[in-house]
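In my numbering, the protein residues as written are 55 to 172.
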């Protein structure tokens, strides 16, 4: 008897606003999205977050990110989960005055530069 086969996990090299729209069924706009969960998608790079200006919660855990890009533009962001990624240093969070919860990539990521400018 063979063990059950595990389907391959899809990988997204770059997550863009167009990719998000396509996954959402082409709703037309992301302007009113307040919660975005991209957990465990094999994402290596994320772009176009400015298309989600109302975003309050962003879940990026269990991906392959080495940096956070464009997060500093999400001025309404209250919760950012970037746990279990390859990020060694979190930078460019200046201006995120509403950010209340930050889940770090791992225990080794102790450097959080909240006041560093872009």
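Glycine included, every Cβ here is placed at the ideal spot set by N, Cα and C.
Cβ-based burial, residue i [other Cβ within 10 Å; buried from 16]
{"i": "residue 125", "result": "buried"}
{"i": "residue 146", "result": "buried"}
{"i": "residue 86", "result": "exposed"}
{"i": "residue 91", "result": "exposed"}
{"i": "residue 139", "result": "buried"}
{"i": "residue 129", "result": "exposed"}
For residue i, the residue or residues it bridges with in DSSP
{"i": "residue 134", "result": "112, 156"}
Cut-off 6 Å between Cβ atoms - residues of its own chain near residue i, not counting five sequence neighbours on either side
{"i": "residue 89", "result": "111"}
{"i": "residue 76", "result": "none"}
{"i": "residue 104", "result": "127"}
{"i": "residue 155", "result": "133"}
{"i": "residue 153", "result": "131"}
Residues of its chain near residue i, where Cβ-Cβ distance is below 7 Å and the 5 sequence neighbours each way are ignored
{"i": "residue 121", "result": "141"}
8 Å CB neighbourhood of residue i in its chain, flanking five on each side removed
{"i": "residue 115", "result": "93, 94, 135, 136, 137, 138, 139, 157"}
**Request:** Return the chain-ordered ranges of every alpha helix (DSSP H) run that is complete within the region 68-129 and spans a minimum of 4 residues.
**Result:** Entirely contained in the region 68-129, the alpha helix (DSSP H) runs reaching 4 residues are, in chain order, 71-77.
**Prompt:** With contact counted as at least three CB pairs below 8 Å, one residue from each stretch, are the region 125-135 and the region 108-116 in contact?
**Reply:** Flag = yes, the region 125-135 and the region 108-116 touch.
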